[in-house]
Amino acid sequence: MNVLAQATTPEYGDLSIFGNDPFWLSLFKGLAIFLALILLTLFTTWFERKVVARMQQRSGPNRWGPFGLLTPIYDGIKLALKEGITPANADKLVYLLAPIIAATAAMMVFAVIPLGPVVSMFGVETPLQLTDFSVSVLYVLAIASIGIYGIVLAGWSSGSTYPLLGGLRSSAQMISY
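In structure tokens form, the structure reads like this:
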């Protein structure tokens with residue numbers, strides 16, 4: 002049975018709704034997923050700091066904004082403005098590229114995760130999912146394995162033995178889990 006016949010049979014579901022979005026809508030959905038992931042990261046950072054502060058019997062983040070909700074944004078600004086320290090023996094290109102590979106791989110996985118039903122966005126019927134294809138599970142596994150390269154390259158690029166061992170140990174843990 003060919004792929005087109007499989008895509009329209011009831012046991013596989015109707016995949017004809019995918020791939021028909023205009024470019025601007027795909028770009029909008031990708032940007033929305035990226036922003037949602039960034040905001041979830043900020044919120045979970047804030048929540049974790051609140052929980053840990055409660056466990057340690059202290060007030061936690063409460064100085065920046067209502068309930069301390071602007072604290073993760075302040076931390077991000079502080080991190081961006083800090084002086085970057087690059088080891089002397091580091092491979093500069095790989096040293097800067099490794100975290101980008103790891104973060105990009107972590108975000109690319111969300112392209113195939115369905116977030117809801119078919120909705121109308123700006124007059125276009127579209128599923129709340131960036132894309133879907135028959136090998137989505139293999140795509141998730143492949144992208145996750147690319148993220149492991151980012152961890153290994155981060156350890157290797159410093160030009161020192163101990164970060165390399167730490168990167169290999171972290172990648173072995175990620176592979177085993």
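Add 1 to the 1-based position in the sequence shown for the working numbering, that's all there is to it.
Just so it is clear, CB atoms sit at the ideal spot from N, CA and C, and this is done for glycine as well.
Check the DSSP bridge columns for residue i and list the partner residues they point to.
{"i": "residue 73", "result": "In DSSP, residue 73 forms no bridge with anything."}
{"i": "residue 128", "result": "119"}
Nearest to residue i by alpha carbon, out of the options?
{"i": "residue 149", "options": "42, 86, 22 and 103", "result": "103"}
{"i": "residue 134", "options": "115, 126 and 125", "result": "115"}
{"i": "residue 140", "options": "78, 106, 72 and 35", "result": "106"}
{"i": "residue 33", "options": "83, 62, 122 and 174", "result": "122"}
{"i": "residue 113", "options": "87, 88, 155 and 128", "result": "128"}
{"i": "residue 44", "options": "55, 69, 101 and 25", "result": "69"}
{"i": "residue 166", "options": "152, 178 and 64", "result": "152"}
{"i": "residue 73", "options": "108, 47 and 64", "result": "47"}
{"i": "residue 158", "options": "90, 67 and 25", "result": "90"}
Span of the alpha helix (DSSP H) holding residue i?
{"i": "residue 121", "result": "Segment 119–122 is the beta strand (DSSP E) holding residue 121; no alpha helix (DSSP H) there."}
{"i": "residue 57", "result": "First-last for residue 57: undefined, no H or E at that position."}
{"i": "residue 112", "result": "It is not in any alpha helix (DSSP H) - residue 112 carries neither H nor E in the DSSP assignment."}
Please determine whether the Cβ atom of residue i lies at a distance below 7 Å from any heavy atom of the ligand SAM.
{"i": "residue 129", "result": "Absence of the ligand SAM is noted for the structure shown, with no ligands found whatsoever."}
Answer yes or no: do residue i and residue j have a C-beta to C-beta separation smaller than 8 Å?
{"i": "residue 51", "j": "residue 131", "result": "no"}
{"i": "residue 120", "j": "residue 22", "result": "no"}
{"i": "residue 111", "j": "residue 40", "result": "no"}
{"i": "residue 144", "j": "residue 175", "result": "no"}
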